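Scroll down for the structure; my scribbles are underneath it.
There are 2 protein chains.
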Amino acid sequence: MALDERKLEVLRAIVEDYVATQEPVGSKALVERHNLRVSPATVRNDMAVLEEEGYIRQPHTSAGRVPTDAGYRLFVDKLSRVKPLSPAERRAIERFLIGAVDLDDVVHRTVRLLAQLTRQVAVVQYPSLSRASVRHFELVPLSTTRLMVVMIAETGRVEQRMVDLPGPILADDVTELRRRINEKLVGKRLVDTPPLVQALVEESGPSLRPPMTVLSTVLLETLVERTEERIALAGTANLARGGLLDFQGSLRPILEALEEEVILLKLFGEVEPSMTRVRIGDENEIEDLRSASIVATGYGPGSIVVGGMGVLGPTRMDYPGNIATVRAVARYVGDLLGQG
Amino acid sequence: MALDERKLEVLRAIVEDYVATQEPVGSKALVERHNLRVSPATVRNDMAVLEEEGYIRQPHTSAGRVPTDAGYRLFVDKLSRVKPLSPAERRAIERFLIGAVDLDDVVHRTVRLLAQLTRQVAVVQYPSLSRASVRHFELVPLSTTRLMVVMIAETGRVEQRMVDLPGPILADDVTELRRRINEKLVGKRLVDTPPLVQALVEESGPSLRPPMTVLSTVLLETLVERTEERIALAGTANLARGGLLDFQGSLRPILEALEEEVILLKLFGEVEPSMTRVRIGDENEIEDLRSASIVATGYGPGSIVVGGMGVLGPTRMDYPGNIATVRAVARYVGDLLGQG
DNA sequence: GACTGGCACTCACAAAGTGGGAGTGCCAGT
DNA sequence: ACTGGCACTCCCACTTTGTGAGTGCCAGTC
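Protein chains in written order, with my numbering: chain A, 1 to 340; chain B, 1 to 340.
Encoded structure:
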């Protein structure tokens, strides 16, 4: 059964009204608020069809209709009109991010900004090392057998690790190691470095070999494989808005899920370049988040994606608005990283 | 009016029962569960006195009694018996913290551990730089006019900042700067360094003076004054336990307060050495936390305090248990930092 | 004087009953 | 294909009622 133009219009109206009022919407109210040019009775027939197709449902026999997850999905895919940000919002974004002093600060501000603008829970993944490129490596001798390795990424992120060497090392050798490593790795994306690191070991003369071997292990293990992914979170208080109607009464499972970084990384970290992904209710693999929806997108300088960000809220959320906001913020932060 | 021995005993019983059951406790149930050797009627008289004194109250006429904030306070100060940790708990602490690989990891694990053991919201302040001492300073030349300053604290925390120099600098001069800074500052507590930094500038010869001046500004501003304090949080889901009875229905204000790092720092950062501080309900200065209690303590290697940690929960919480747990964990983490 | 048993009283809470109203489905008419 | 009308459903808010836990007080006992 093909849904004709007007039925889709009805669905859109239902979603919009329900999102706004949080109450089941009936045929009469619908024709009043939107100027569908038909009578309530006609709308009722349309609703019956929409219900049959699974896009809306009645909470109980004699109540208005509420969108199902499938209904929201159709709405998001086909029906929602883009909601451009208000100038005030644009200004808010600029003002909020412009004073950031370092990477931590950028992420922090971003996540708070998102939470504030969307009135949902916001999540921002720290720029992932593995997809960023290397600006500089530094070796700091702490003692004759101990080095600190510091890596500065293009995004401004800094990582450091201690390394215990197999034997004492001369200052000149440290200098040489530093030179070689930088020569080989600077400018490369971290994810591309493993073969290069391997090569570094092979190209080393006998005197540098042992320390370089140890170093390579550390580089591979801690900087590439154990790409420690961090996440920033804000706006959890927004979950408690809207009474307890959303999330069927208990915030517990949601809060629990939000504490699992692994889960968040899965949700917000798996983003394709420049795609905004919307997961609605049931579509979520995580059991605890079946009553929530997620809007996520990637961000990074230019077309490179170095991390994900997005918001999480009740399935009954303002999808067009949130999508627009998340995109705009992501884009702005991406540009910021490009300059930094 | 002095409260005699038995009245205090009654108060203790009320607190313990109420914490356990979350229901107003009546005179009859009280004599049954605790072996007070008197009749319900007597207990009722005692209760009347306790109520007059403001230690307990009735939610409504003809209900049992519930402790007031003042009641909890008296209980904590005078009546609670220390609850030693179970061997299982001790083992849990060790097992949980023993695998930590770096400082971030320690803090992370600690906060989760606390949340798990107490079933409350846990907060851990990252070891504060200002109270920790310096292990090493490193200057990394990024270009002829740009340095990266890296500071490694005794606690393992690492901080870095970029510095733009007034003019080009020679490699040898960088080495000399590094030597001087380390000579002067290593081993000192960061909070004690400002005069030393000042001295460094004054002792510099003409060639080193300009870069040293810039460096000193950065050291003072970013490493000492702007002691960026960080906080880790876990267990927010525990707020949603216990229905909505705690926190008078709305988690919103609590969640909001928990997002304000400034507030958390105030609550958990202001700790006197080796004192465990308990704030109960009303005693809280923060309006939004009037329905919550906080158990906080300082931690650090030996008798030095480098940060605070603790838990936050409903006023109706297991004070003796939480106090014991927080203390034990703080102590364990302190020892860990001492070795690190 | 301290404690106890007894008794009348209070009042939240749960269960059951009631009416109103929003909303529906369907059908006959245009 | 759409509309007006009508009977029907059933949630929800409201009131009523009964029950029981808990209290305060008082007179009596050790």
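We put the beta carbon where it would ideally sit given N, CA and C, even for glycine.
Since the model is a prediction, treat every value here as computed from it, not as a measurement.
Check: For V76 (chain B), the nearest candidate out of B:L337, B:V333, B:G334 and B:D318 (CA to CA); Outcome: B:D318
Check: Bridge partners - H136 (chain B), DSSP secondary structure assignment; Outcome: B:I152
Check: Distance CB(Q125 (chain B))-CB(I231 (chain B)) smaller than 7 angstroms; Outcome: yes
Check: Cβ neighbour criterion (16 or more within 10 Å) applied to N322 (chain B); Outcome: buried
Check: Coarse secondary structure for G338 (chain B), derived from DSSP in three states; Outcome: helix
Check: Within 7 angstroms, strictly: CB atoms of V271 (chain A) and V295 (chain A); Outcome: no
Check: Euclidean distance between Cα positions of R146 (chain B) and R135 (chain A); Outcome: 14 angstroms
Check: Whole-number beta carbon distance between G298 (chain A) and V305 (chain A), since they are thought to touch under 8 angstroms; Outcome: 4 angstroms
Check: N45 (chain B) classed as buried or exposed, judged by whether at least 16 other C-beta atoms fall within 10 angstroms; Outcome: exposed
Check: Any 3 or more C-beta pairs closer than 8 angstroms across the stretch 208-222 of chain B and the stretch 151-164 of chain B; Outcome: yes
Check: Meets three-Cβ-pair contact criterion under 8 angstroms: the stretch 205-215 of chain B and the stretch 171-188 of chain B; Outcome: yes
Check: Limits of the beta strand (DSSP E) - the one that A171 (chain B) falls within; Outcome: Careful: A171 (chain B) lies outside any beta strand (DSSP E), inside the alpha helix (DSSP H) at A171 to L185.
Check: Own chain, CB closer than 8 angstroms to L117 (chain B), minus 5 neighbours either side, in chain order; Outcome: E89, A92, I93, T325 and V329
Check: V278 (chain A) - partner residues in DSSP beta bridges; Outcome: A:V295
Check: Short CB-CB distance (under 7 angstroms) between A122 (chain B) and chain A; Outcome: no
Check: Start-to-end residues for the alpha helix (DSSP H) that takes in M317 (chain A); Outcome: It is not in any alpha helix (DSSP H) - M317 (chain A) carries neither H nor E in the DSSP assignment.
Check: E256 (chain B): contacting residues in chain A (beta-carbon distance under 7 angstroms); Outcome: A237
Check: Beta-bridge pairing of L233 (chain A) - partner residues as DSSP gives them; Outcome: A:V123
Check: Neighbour list for E259 (chain A) in chain B, Cβ cutoff strictly below 8 angstroms; Outcome: A234, G235, T236 and A237
Check: E159 (chain A) - containing beta strand (DSSP E), residue span; Outcome: V158 to D164
Check: Chain-ordered neighbours of A153 (chain A) on chain B, where CB pairs are closer than 8 angstroms; Outcome: Here the premise fails: no neighbours, minimum Cβ distance about 12 angstroms.
Check: Alpha helix (DSSP H) segment containing L190 (chain A), residue limits; Outcome: No alpha helix (DSSP H) holds L190 (chain A); DSSP gives it neither H nor E.
Check: Interface residues of chain A facing R252 (chain B) [CB-CB closer than 9 angstroms]; Outcome: A237, N238, L239, A240 and R241
Check: Partner residues on chain A for L142 (chain B), Cβ-Cβ distance less than 7 angstroms; Outcome: H136
Check: 8 angstroms contact criterion, which Y55 (chain A) and T42 (chain A) should meet: CB distance rounded; Outcome: Rounded, the Cβ-Cβ distance is 17 angstroms, inconsistent with contact.
Check: Outcome for I98 (chain A) when other beta-carbon atoms lying within 10 angstroms are tallied against a minimum of 16; Outcome: exposed
Check: C-alpha distance - V140 (chain A) paired with V150 (chain A), whole-angstrom precision; Outcome: 8 angstroms
Check: Under 7 angstroms by beta carbon: chain A residues contacting Q160 (chain B); Outcome: V158
Check: Nearest-angstrom Cα separation, counted from V333 (chain B) out to S133 (chain B); Outcome: 17 angstroms
Check: Spatially closest choice to A122 (chain B) from B:E259, B:M275 and B:E287, by CA coordinates; Outcome: B:E259
Check: Closest by C-alpha distance to K266 (chain B), when choosing among B:T236, B:G308, B:A20 and B:T193; Outcome: B:G308
Check: Secondary structure of R131 (chain A), DSSP reduced to three states; Outcome: coil
Check: A132 (chain A) CB to nearest heavy atom of the ligand NAP below 6 angstroms; Outcome: The ligand NAP is not part of this structure, which contains no ligands at all.
Check: Residues in the stretch 296-325 of chain B having any Cβ partner in chain A nearer than 9 angstroms; Outcome: none
Check: In chain order, each beta strand (DSSP E) run of at least 3 residues that lies wholly inside the stretch 46-127 of chain B; Outcome: 121-125
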